[in-house]
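Colleague: Those protein sequence lines, which keep their order, are chains A and B.
Sequence positions in the first sequence follow numbering that gives the first Met the number 0 and run 0 to 306.
Sequence positions in the second sequence follow numbering that gives the first Met the number 0 and run 0 to 255.
Don't be surprised by glycine CBs; every beta carbon is placed ideally from N, CA and C.
Nothing here was measured: the structure is a model prediction, and the numbers come from that model.
There's a structure below that I have some questions on.
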Amino acid sequence: MPTEETVVRLENVSKTIGGAEIIRNLSFSVKRGEIYGFLGPNGSGKTTTIRMMVGLISMTKGTITIAGHDIRKERGKAMAHVGAIVENPELYGYMSGRKNLLHFARMSPTPVSAERMAEVVRLVDLEHAIDKKVRTYSLGMKQRLGIAQALLHHPSILILDEPTNGLDPAGIRQLRDYLRLLARTERLAIIVSSHLLSEIELMCDRVLIIQEGRLVDERLVHPGGESEDRRLPVRFEVSDGARAAVLLQAFAGVLIEGNQVTVELGREEIPELVTVLTEGGLRLYQIRTLAPSLEDTFLELTKGGGV
Amino acid sequence: MFFALVRNELMKLHSKRQTRYFYLFLIIVLLGAGFVFRFGAPETAARIDQMDFASNMYAGLSLFVTVFALAIGAQSVSEEYRDGTIKQLLIRPSSRTSILLSKFVAVLLVLLAADALIVAGGLLIGTGLFGIQADTPPALVLIKTAVYDLPRMVFLTSLSFFLGVALRGIGLALSVSLIAYFVGGLVSMMVSKYRWSKLLIFRHTDLAVYDPDPLVSGGGMPPAGFTLGLSLTVIAAYIALLLGLSMLVFAKRDVR
């Protein structure tokens, strides 16, 4: 299976409710093996988009395809590839965890074997409680059972809407580890929606920022590795700014304000510059890259263009 | 696939205490009444036979069965909305229409099971405790009565089911269908002189009157121009209409 396989594609999707355009010409796609953060302030249209993707809400315009199937024309085939938790992990409290899983297994078009069921239960670490009524579960356990039901039928995409709502820090941590594991081992595409930036940063590979129903940015969360040759402004705090100016004459793009020296550098040039500065007798107090953080971008994007 | 959906609905219905307790309630009433009459009132017990006991039990308990079917009918969809589980149900490959239909079928199966329980239970306990006498009518009389009652029960259940889907609440759905249950006969009597009342379902729900056996029909006669075929058609049309409306509402609605 190709690693770059697109699992979900949205094309010019719009939704109008009572004359108001909630989602406007939204387009993006999601690939296998990656965790996508779907980030936006409350009311930006995250939940509406997710509900359209899983067929709970109709679209006014546009196309959504899942694993190559248009969700309007081949809903059954498209949904066979989806595992989801929409909002809270809503399960039948009056039945045991096992019966809940059985219920959802029966709804899968491909049969779910007993081994698969056991495997999923083991994966989410619920073996000890699977025969207890879900009513007695803690929120974290419900969340895990929710993930189990979403995984039963080997979906290609897992969609989790605000999955950390109401989880304690330990639960969030655990969820994060599961999702990482799943993206790696089951080669799933995972979409996690959240209004919390910190969560997305910790959990996701890629982030889609949505605001007022429009996609405003898509970027990698940790732009390490592949962007090593990218030049970024690096700021040095030195003991003597004037002396630094002399030492750095050979470098282009140097900006000096007092004892703060900012230089545009590639990654490999940083140690080089440090050598020049220290051999010139300067003391270094701090070195920091000034890459715009995800937070900066997010705030800039979502505050700026607001109504 | 559809069979799996029905099994799911039955599993859910029977995992709830209310359904298990309801079957238990029916059995306890049947046994309790039998033993109280047999050993608490020996003179009465000497006068009655299997059929007296079974048909009286049926007359009383079928009311409970109907009300129970109305309740689970109204609950079936509205409860999934209340608990939010509707979302988990609708993000599957099955179409909304088949999910809705599976729910209706499951409710009907419970209705049938409960109805069969009170008929069979009444006959069995009646035979055991009061015996069969020379003039005891055949069990078929009671079975026929129960079967003639079914179309009306199914209609009322579909009404309650539809209201549960449309209103997404149990309270109003159940009360409206209960009112229909209790005043339907009265309304049909009041309007029977008008020709259009032929289309009114409640003029067609008493099917026993078409039976030639006076033990079944209770001596009742069908209104002039009414036939069993006509009545069944009218009832079927009403049920189809209510189910169609339920599907329309259910399939169109955005789940937010």
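(1) Need the endpoints of the beta strand (DSSP E) that B:V64 sits in, please.
(2) For a minimum of 4 consecutive residues, which ranges assigned as the alpha helix (DSSP H) are wholly contained in the stretch 126-152 of chain A?
(3) Residue ranges of each beta strand (DSSP E) run of no fewer than 3 residues wholly in the stretch 247-303 of chain A, ordered along the chain?
(4) Give every residue of the same chain whose Cβ lies closer than 7 angstroms to the Cβ of A:I34, excluding the five residues on either side of it in the sequence, and list them in chain order.
(5) Restricting to Cα atoms, I'd like to know which of B:V175, B:H203, B:S174 is closest to B:M188.
(6) A:A83 bridges to which residues according to DSSP?
(7) On the DSSP bridge list, what partners appear for A:H68?
(8) Under the rule that 16 or more other beta-carbon atoms within 10 Å means buried, what is A:D160, buried or exposed?
(9) What residue range does the alpha helix (DSSP H) around A:L187 cover?
(10) Where does A:S197 land, buried or exposed, given buried means 16+ other C-beta within 10 angstroms?
(11) Going along chain D, which residues have a C-beta under 8 angstroms from B:S14?
(12) Output the distance between the C-alpha atoms of A:V260 and A:E278, rounded to the nearest integer angstrom.
(13) Taking C-alpha atoms, which residue in B:E79, B:G72, B:I234 lies nearest to B:L149?
(14) Per DSSP, which one or two residues make a beta bridge with A:G36?
(15) Which stretch, first to last residue, makes up the alpha helix (DSSP H) that contains B:V140?
(16) Taking 8 angstroms as the CB-CB cut-off, is A:G54 touching chain B?
(17) With DSSP run on the structure shown, which of helix, strand or coil describes A:S13?
(18) Going along chain B in order, which residues have a C-beta closer than 8 angstroms to the C-beta of A:V85?
(19) How far does the beta strand (DSSP E) with A:K30 in it extend, from its first residue to its last?
(20) Give me, in chain order, the residues of the same chain whose beta-carbon lies closer than 8 angstroms to that of A:V220; leave out the 5 immediate sequence neighbours on both sides.
(21) If contacts are defined as beta-carbon pairs under 8 angstroms, then B:G48 and B:G130 qualify, I think. What distance do you get, rounded to the angstrom?
(22) Using a Cβ-Cβ distance under 8 angstroms, would A:S226 count as near chain B?
(23) Please list the partners that A:V81 has in chain B, where partner means a Cβ-to-Cβ separation under 7 angstroms.
(24) Which residues mark the beginning and the end of the alpha helix (DSSP H) in which A:P232 is found?
(25) Counting beta carbon pairs with one atom in the stretch 204-214 of chain B and one in the stretch 147-164 of chain B, are three or more of them shorter than 8 angstroms?
(26) Please classify A:S226: is it buried, with 16 or more other beta-carbons within 10 angstroms of its beta-carbon, or exposed?
(27) Between B:F161 and B:I200, how many whole angstroms is the CB-CB distance? I'm expecting something under 8 angstroms.
(28) Just how far apart, CA to CA, sit A:T109 and B:L214?
(29) Tell me the rounded alpha-carbon separation between B:N7 and B:A105.
(30) Which same chain residues end up closer than 7 angstroms to A:R23 when comparing Cβ atoms and leaving out the 5 residues on each side of it in sequence?
(31) Among A:V275, A:P270, A:A79, A:F250, which has the Cα closest to the Cα of A:E263?
(32) Around the C-beta of A:H102, are 16 or more other C-beta atoms found within 10 angstroms, so that it is buried, or is it exposed?
(33) Does the Cβ of A:F80 have 16 or more other Cβ atoms within 10 Å, making it buried, or fewer, making it exposed?
(34) Assign B:S94 to one of three DSSP states: helix, strand, or coil.
(35) Within this structure, are the beta carbons of B:F52 and B:G163 separated by less than 8 angstroms?
(36) For B:I169 and A:V215, I'd like the C-alpha separation in whole angstroms.
Modeller: Reading from the atomic positions:
(1) Sequence index remark: in the second sequence, residue 64 of chain B carries index 65 (1-based). Not the beta strand (DSSP E): B:V64 falls in the alpha helix (DSSP H), residues 49-82.
(2) Complete alpha helix (DSSP H) runs here, min 4: 138-150.
(3) 253-256, 259-264, 283-288
(4) Locating residue 34 of chain A in the first sequence gives position 35, where the first residue counts as 1. Excluding sequence neighbours, A:I34 sits near L178, A182, I189, V191, M202, C203, D204.
(5) Within the second sequence, residue 188 of chain B is the residue found at index 189, counting from 1. Out of B:V175, B:H203, B:S174, B:H203 has the C-alpha closest to the C-alpha of B:M188.
(6) As a first step, residue 83 of chain A must be located in the first sequence, where it is residue number 84. Answer is A:I158, bridged to A:A83.
(7) Numbered from its first residue, the first sequence carries residue 68 of chain A at position 69. DSSP, once it has assigned bridges, lists A:I65 as partnering A:H68.
(8) Numbered from 1 along the first sequence, position 161 holds the residue referred to as residue 160 of chain A. Counting Cβ neighbours within 10 Å, A:D160 comes out buried, since at least 16 surround it.
(9) As a first step, residue 187 of chain A is located in the first sequence; it is residue number 188 there, counting from the start. Segment: none, A:L187 is in no alpha helix (DSSP H) and carries neither H nor E.
(10) As a first step, residue 197 of chain A is located in the first sequence; it is residue number 198 there, counting from the start. Answer is exposed; the Cβ neighbour count stays below 16.
(11) This model lacks chain D altogether, as its protein chains are A and B.
(12) Position 261 of the first sequence holds residue 260 of chain A. Position 279 of the first sequence holds residue 278 of chain A. So the alpha carbons of these two residues sit roughly 16 angstroms apart.
(13) Residue mapping note: residue 149 of chain B aligns to position 150 of the second sequence, counting from 1. For B:L149, the nearest C-alpha among the options comes from B:I234.
(14) To locate residue 36 of chain A, count along the first sequence from 1; it is residue 37. Answer is A:V191, A:V206.
(15) Numbered from its first residue, the second sequence carries residue 140 of chain B at position 141. First-last of the alpha helix (DSSP H) with B:V140: 139-166.
(16) Indexing the first sequence from 1 puts residue 54 of chain A at position 55. By this cut-off, A:G54 is an interface position.
(17) What you label residue 13 of chain A is simply residue 14 of the first sequence in a count that begins at 1. Strand at A:S13.
(18) Taking the first sequence and counting its residues from 1, one reaches residue 85 of chain A at position 86. Listed along chain B, the residues sitting closer than 8 angstroms to A:V85 by beta-carbon distance are K86, Q87, I90.
(19) The residue you call residue 30 of chain A lines up with position 31 of the first sequence. Going by DSSP, A:K30 is part of the beta strand (DSSP E) stretching over 19-30.
(20) Here residue 220 of chain A corresponds to residue number 221 of the first sequence, with the count starting at 1. These residues qualify, in order along the chain: G36, I199, E200, C203, D204, R205, V206, L293.
(21) The count along the second sequence starts at 1 and reaches residue 48 of chain B at position 49. The count along the second sequence starts at 1 and reaches residue 130 of chain B at position 131. The sequence shown places Asp at residue 48 of chain B, rather than the Gly named in the question. B:D48 to B:G130, Cβ: 6 angstroms. Contact.
(22) The sequence position of residue 226 of chain A within the first sequence is 227, counting from 1. At A:S226, the pLDDT of 49 sits below 50, so the modelled position is not reliable and the matter cannot be decided from this model.
(23) The residue labelled residue 81 of chain A in the question sits at position 82 within the first sequence. Result: I90.
(24) If you number the first sequence from 1, residue 232 of chain A lands on position 233. First-last for A:P232: 231-237, but that is the beta strand (DSSP E), not the alpha helix (DSSP H).
(25) yes
(26) If you number the first sequence from 1, residue 226 of chain A lands on position 227. For A:S226, the pLDDT reaches just 49, beneath the cut-off of 50, and the residue's location in the model is therefore unreliable, although a value from the coordinates is still provided. Its Cβ having fewer than 16 others within 10 Å, A:S226 is exposed.
(27) Walking along the second sequence from the start, residue 161 of chain B turns up at place 162. Walking along the second sequence from the start, residue 200 of chain B turns up at place 201. Contact between B:F161 and B:I200 does not hold, since their C-beta atoms are separated by about 13 angstroms, which reaches or exceeds 8 angstroms.
(28) In the first sequence, residue 109 of chain A corresponds to position 110, counting from 1. In the second sequence, residue 214 of chain B corresponds to position 215, counting from 1. In this structure, the alpha-carbon of A:T109 lies about 53 angstroms from that of B:L214.
(29) In the second sequence, counting from the first residue as 1, residue 7 of chain B sits at position 8. In the second sequence, counting from the first residue as 1, residue 105 of chain B sits at position 106. Whole-angstrom Cα-Cα distance: 9 angstroms.
(30) For the purposes of this step, residue 23 of chain A is identified with residue 24 of the first sequence, where counting begins at 1. S13, G212, R213, listed in sequence order.
(31) Translated into the one-based positions of the first sequence, residue 263 of chain A becomes position 264. Nearest option by C-alpha distance: A:F250.
(32) Taking the first sequence and counting its residues from 1, one reaches residue 102 of chain A at position 103. With 16 or more Cβ atoms within 10 Å of its Cβ, A:H102 is classed as buried.
(33) Locating residue 80 of chain A in the first sequence gives position 81, counting from the first residue. Sequence check: residue 80 of chain A is His here, not Phe. Buried: at least 16 other Cβ atoms inside 10 Å.
(34) Counted from its first residue, the second sequence places residue 94 of chain B at position 95. Coil at B:S94, not helix or strand.
(35) Against the second sequence, residue 52 of chain B aligns to sequence position 53. Against the second sequence, residue 163 of chain B aligns to sequence position 164. Not a contact, by the Cβ cut-off of 8 angstroms.
(36) In the second sequence, the residue the question calls residue 169 of chain B occupies position 170. In the first sequence, the residue the question calls residue 215 of chain A occupies position 216. Straight-line Cα distance between these residues: approximately 43 angstroms.
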